[in-house]
Amino acid sequence: MIYLLDINVLIALCDPAHPHALAARHFFQSTLSAEGWATCPLVENGFLQIFGDHRYPGGPGNPQSARLILDGLLASAGHQFWPDDLSLADRSVFPTLPPSPNLIDLYLLGLAIKHGARFATFDHSINATLLPGGPSAYFPIPSPNPMA
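First residue of the sequence shown? That's 8 in our numbering, and the numbers climb one at a time after it.
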């Protein structure tokens, strides 16, 4: 099964000092390289914004350099690119909307469901029951210090 990666997973894969770096690398090597993984514009752009920010302690200091790092990761085996072709306004996919801090996570979970995939994240607080098929598509990556 293919996994759509959350922004936090991409960052952990690229930042060796990230608290989830070891868990991300283990997940990538043990699961993603064999089963496949995906990104979308929202995930890639979020990665560039956060990891490329000059204030991010483990980043390269700018989006241009972060893009070079992302290019290398996207060239890895098993990667697929999916367009952002859903809308949170679509009630058939998103019957209930949570408070705004969780909207992006819910959107990414919905995108994974649309593609028959799973949404891999270090965020263990997503209410996957809000989406039809959400619980089976939601994959909180095991980590010694999960995000709440």
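Yeah, the Cβ is synthetic: ideal placement off N, Cα and C, and Gly gets one too.
Owing to the predicted nature of the structure, the values given are computational and were not obtained by experimental measurement.
Q.
DSSP three-state label for A45, please.
A. On the sequence shown, position 38 is the one that residue 45 refers to. Here A45 sits in strand by DSSP.
(Q) Please list the terminal residues of the continuous beta strand (DSSP E) segment that includes H61. (A) The residue you call residue 61 lines up with position 54 of the sequence shown. Looking at the DSSP string, H61 is not in any beta strand (DSSP E), and its letter there is neither H nor E.
Q | Proximity winner among V100, S99, L29, relative to I18 (alpha-carbon distances) | A | The residue you call residue 18 lines up with position 11 of the sequence shown. Selected option, being the one with the closest Cα: L29.
Q: Using the Cα positions of I111 and L118, report the straight-line distance between them to the nearest angstrom.
A: Taking the first residue of the sequence shown as position 1, residue 111 is located at position 104. Taking the first residue of the sequence shown as position 1, residue 118 is located at position 111. C-alpha separation (whole angstroms): 10 Å.
Q) Whose CA, out of K121, A73, A41, lies closest to the CA of V100? A) The residue given as residue 100 occupies position 93 in the sequence shown. Closest option to V100, Cα to Cα, is K121.
**Q.** Spatial neighbours of P149 in its chain, beta-carbon cut-off 7 Å, leaving aside the 5 residues before and after
**A.** Numbered from its first residue, the sequence shown carries residue 149 at position 142. Only A30 meet the Cβ criterion.
Q) Quick one: Cα of F129 to Cα of I57, how far? A) In the sequence shown, the residue the question calls residue 129 occupies position 122. In the sequence shown, the residue the question calls residue 57 occupies position 50. Going from the Cα of F129 to the Cα of I57 covers about 16 Å.
Q. According to the neighbour-count rule (16 or more other Cβ atoms, all chains shown, within 10 Å of its Cβ), is F88 buried or exposed?
A. Here residue 88 corresponds to residue number 81 of the sequence shown, with the count starting at 1. F88 should be labelled exposed.
Q | Per DSSP, the bridge partner or partners of H86 | A | Working through the sequence shown from its first residue, we reach residue 86 at position 79. For H86, which the question treats as bridged, DSSP gives the partners W44.
Q: Decide if A82 is buried, meaning its Cβ has at least 16 other Cβ atoms within 10 Å, or exposed.
A: Residue 82 sits at position 75 when you count from the first residue of the sequence shown. With fewer than 16 other Cβ atoms within 10 Å, it is exposed.
Q | Cβ neighbour criterion (16 or more within 10 Å) applied to A45 | A | One-based indexing of the sequence shown puts residue 45 at position 38. Looking at its Cβ environment, which holds 16 or more other Cβ atoms inside 10 Å, A45 is buried.
Q) Taking 8 Å as the CB-CB limit, is L116 close to chain C? A) Among the chains in the structure shown there is no chain C, since it carries only a single protein chain.
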